[in-house]
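To get our numbering, take the position in the sequence shown, counting from 1, and add 4.
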Amino acid sequence: MPAAPDKPVLLTGASGNLGRVLARELTALGWTLRLTDLAPFPDPLPERASFTRMDLADGVGLLRLAEGCGAILHFGGISVEQPFGTVLGPNIQGLYHVYEAARREGARVIFASSNHSIGFHERPQGNAAKLDVDCAFRPDGFYGLSKAYGELMGRTYWDKHGVENVNFRIGSCFPEPTEARMLATWLSFADLVRLCEAAVTAPRSGHCVIWACSNNPASFWGRDHRDRIGWQPRGQCGSVPRQGRPHHLGQPGDRALPGRRLHRDRLFPRQALGGGCLRSRLSRAPRQRARSCSARPGGKRRCCPGRAPPSPGCPAAAPRCWRPCRSAPTRMRASPAPS
Ligand code: NAI
Numbered sequence: 005m006p007a008a009p010d011k012p013v014l015l016t017g018a019s020g021n022l023g024r025v026l027a028r029e030l031t032a033l034g035w036t037l038r039l040t041d042l043a044p045f046p047d048p049l050p051e052r053a054s055f056t057r058m059d060l061a062d063g064v065g066l067l068r069l070a071e072g073c074g075a076i077l078h079f080g081g082i083s084v085e086q087p088f089g090t091v092l093g094p095n096i097q098g099l100y101h102v103y104e105a106a107r108r109e110g111a112r113v114i115f116a117s118s119n120h121s122i123g124f125h126e127r128p129q130g131n132a133a134k135l136d137v138d139c140a141f142r143p144d145g146f147y148g149l150s151k152a153y154g155e156l157m158g159r160t161y162w163d164k165h166g167v168e169n170v171n172f173r174i175g176s177c178f179p180e181p182t183e184a185r186m187l188a189t190w191l192s193f194a195d196l197v198r199l200c201e202a203a204v205t206a207p208r209s210g211h212c213v214i215w216a217c218s219n220n221p222a223s224f225w226g227r228d229h230r231d232r233i234g235w236q237p238r239g240q241c242g243s244v245p246r247q248g249r250p251h252h253l254g255q256p257g258d259r260a261l262p263g264r265r266l267h268r269d270r271l272f273p274r275q276a277l278g279g280g281c282l283r284s285r286l287s288r289a290p291r292q293r294a295r296s297c298s299a300r301p302g303g304k305r306r307c308c309p310g311r312a313p314p315s316p317g318c319p320a321a322a323p324r325c326w327r328p329c330r331s332a333p334t335r336m337r338a339s340p341a342p343s
């Protein structure tokens, strides 16, 4: 286990889902954290942590907060698709403030990017090569666009000012996988914490980009720069056995949240988990395909645009991707999940 960093670490987005996990777990490892968020910190303040309520729009405030810090874990901002005007301030200007603070302090930036920066790539099928991290940006909305911009901002600050940065293209970071796509994209909390440890404590990082997902056999992401920081995921979201029931595998450390365990044999309807790619299975099975887009009141709906008739009001109109239909309430969560 790497030693705790010598200098304090600034964590933005501390009151968010991932910020709260990091605040708890990193202070437990002996880190000194400066937490900040627009929203109040909802948990008891951990030892060795201070909290400052602040908008990312406050550039001077961020400069002050970052004073003496060796790294900035930037997890704050808009975390779901929103209109351009909503994304612009926190995710573009706020990010600039973070980079300016890092430049002044000589601190490393760890940026919570997203798979949505490349969301319009086709999923590699069969033996097709997996997506490497240097594939072209293909953002699937304003949110994804802001993440692509964030990664490019990192590139510029490294090339021009020598500000090191590690960009996590996070798949789906939740206590447990909650839908079929996460068989490929899931990142366990424990792997996220280890990733942050590696990114902050690595002797050198330069500018690097990492597919932030656990060791999932179904992953469609390939090469990245993880060797530079010495990170290897240990959690795993397993494939589906023949009997058709899901099987999630984890390390002891991946039973991440108190009172919650990586579950087995739960959550996914059998039909959605026959193995292989959901989209190709849907196109092979017309009756299931028709069902895949039907509304189940209070239940999950999934659209396969271009292959199945979309649900009424479904916003996922793009021809080449499939995604959860956000137009109906889902069983798993009340609001759209960050991704
Ligand atoms: P979250 O939405 O729970 O947390 C974001 C935090 O940023 C919130 O606490 C919010 O109050 C704060 N924030 C928003 N605007 C702000 C502003 N103007 N000034 C200061 N603080 C502001 O999101 P979550 O799940 O914790 O994700 C953290 C980061 O990771 C986000 O940047 C998200 O885009 C990224 N990410 C997360 C994924 C996931 O699966 N949870 C997947 C891909 C990326």
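Don't be surprised by glycine CBs; every beta carbon is placed ideally from N, CA and C. Since this is a predicted model, take the numbers as computed values, not measurements.
Distance between residue j and residue i (C-alpha atoms, nearest Å)
i, j, result
"Arg159", "His211", "6 Å"
"His252", "Arg108", "Low per-residue confidence applies at His252: pLDDT is 38, beneath 50, and the placement is therefore not dependable, though the value from the model is reported in the following sentence. One C-alpha to the other measures close to 44 Å."
"Arg327", "Trp225", "With a pLDDT of 43 at Arg327, under the threshold of 50, the predicted position of this residue should be treated as unreliable, though the coordinate-derived value follows. About 17 Å."
"His267", "Arg208", "Any reading at His267 needs caution, since the residue's pLDDT is 27, under 50, leaving its predicted position unreliable; the model's value is listed next. The straight-line gap from Cα to Cα measures roughly 37 Å."
"Gly234", "Pro6", "11 Å"
"Thr182", "Ala188", "12 Å"
"Val137", "Pro128", "14 Å"
"Arg68", "Met58", "11 Å"
"Pro273", "Arg24", "Only weak support is given to the placement of Pro273: the predicted model assigns it a pLDDT of 27, under 50, and the value that follows is read from those uncertain coordinates. Those two C-alpha atoms are separated by around 31 Å."
"Pro143", "Glu85", "11 Å"
"Val64", "His165", "20 Å"
"Pro94", "Asp47", "23 Å"
"Cys241", "His78", "26 Å"
"Leu135", "Arg227", "7 Å"
"Phe45", "Thr205", "26 Å"
"Asp195", "Cys217", "8 Å"
"Cys297", "Gly239", "Residue placement at Cys297 cannot be trusted, given a pLDDT of 33 that sits under 50; what the coordinates show is reported in the next sentence. Going from the Cα of Cys297 to the Cα of Gly239 covers about 31 Å."
"Pro50", "Leu39", "10 Å"
"Pro179", "Ser192", "7 Å"
"Arg300", "Trp35", "Low confidence applies here, because Arg300 scores a pLDDT of 38, under 50, leaving its location unreliable; read the following figure in that light. Spanning the two alpha carbons is a distance of roughly 46 Å."
"Leu60", "Gly130", "43 Å"
"Tyr161", "Leu66", "17 Å"
"Arg28", "Met157", "29 Å"
Nearest candidate by alpha-carbon position, reference residue i, set the options
i, options, result
"Ala203", "Phe193, His229 and Leu60", "His229"
"Lys11", "Leu49, Gly74 and Gly63", "Gly74"
"Ala70", "Trp162, Gly110 and Arg185", "Gly110"
"Gly123", "Asn95, Arg232 and Gly175", "Gly175"
"Val13", "Met5, Leu33 and Asn21", "Leu33"
"Asn220", "Glu126, Gln236 and Ser121", "Gln236"
"Ala113", "Gln240, Glu51, Leu99 and Ser54", "The sequence shown places Val at residue 113, not Ala. The shortest Cα separation from Val113 among Gln240, Glu51, Leu99 and Ser54 belongs to Leu99."
"Leu92", "Gly148, Arg28, Gly166 and Leu49", "Gly148"
"Thr16", "Asp41, Gly63 and Arg24", "Asp41"
"Arg185", "Pro44, Ser223 and Ala216", "Ser223"
"Ala2", "Asn131, Gly81 and Gly166", "This structure gives no information on residue 2, because the portion of the chain shown stretches from 5 to 343."
"Ala53", "Leu37, Gly72 and Asp47", "Leu37"
"Ala43", "Glu51, Thr56, Trp35 and Leu49", "Thr56"
"Ile214", "Ala116, Ala133 and Leu77", "Ala116"
"Asp62", "Asp144, Glu104 and Asp195", "Glu104"
"Ser118", "Ser83, His125 and Gln97", "Ser83"
"Leu22", "Cys177, Asp231, Arg227 and Asp195", "Cys177"
"Gly72", "Pro9, Leu49, Arg232 and Arg173", "Pro9"
"Glu155", "Val102, Leu39, Trp190 and Asn131", "Val102"
"Glu168", "Trp35, Asn131, Arg232 and Ala133", "Arg232"
"His120", "Ala133, Trp35 and Lys151", "Lys151"
"Arg173", "Glu180, Leu60, Trp190 and Ala132", "Trp190"
Those residues which DSSP pairs with residue i across a bridge
i, result
"Val170", "Ile114 and Cys212"
"Arg38", "Leu14 and Ser54"
"Trp190", "Ser176"
"Ala75", "Val13 and Arg112"
"Leu135", "Trp225"
Cβ-Cβ separation, residue j to residue i (assumed contact under 8 Å), whole Å
i, j, result
"Val170", "Leu30", "Val170 to Leu30, Cβ: 15 Å. No contact."
"Leu26", "Cys200", "6 Å"
"Phe141", "Pro87", "20 Å between Cβ atoms; not a contact."
"Tyr153", "Ile96", "6 Å"
Outcome for residue i when other beta-carbon atoms lying within 10 angstroms are tallied against a minimum of 16
i, result
"Asp163", "exposed"
"Gly89", "exposed"
"Ala126", "Note that residue 126 is Glu in the sequence shown, not Ala. Under this definition Glu126 is an exposed residue."
"Gly20", "buried"
"Ala106", "buried"
Any non-hydrogen atom of the ligand PLP within 8 Å of residue i CB
i, result
"Thr40", "The model depicted lacks the ligand PLP and carries the ligand NAI instead."
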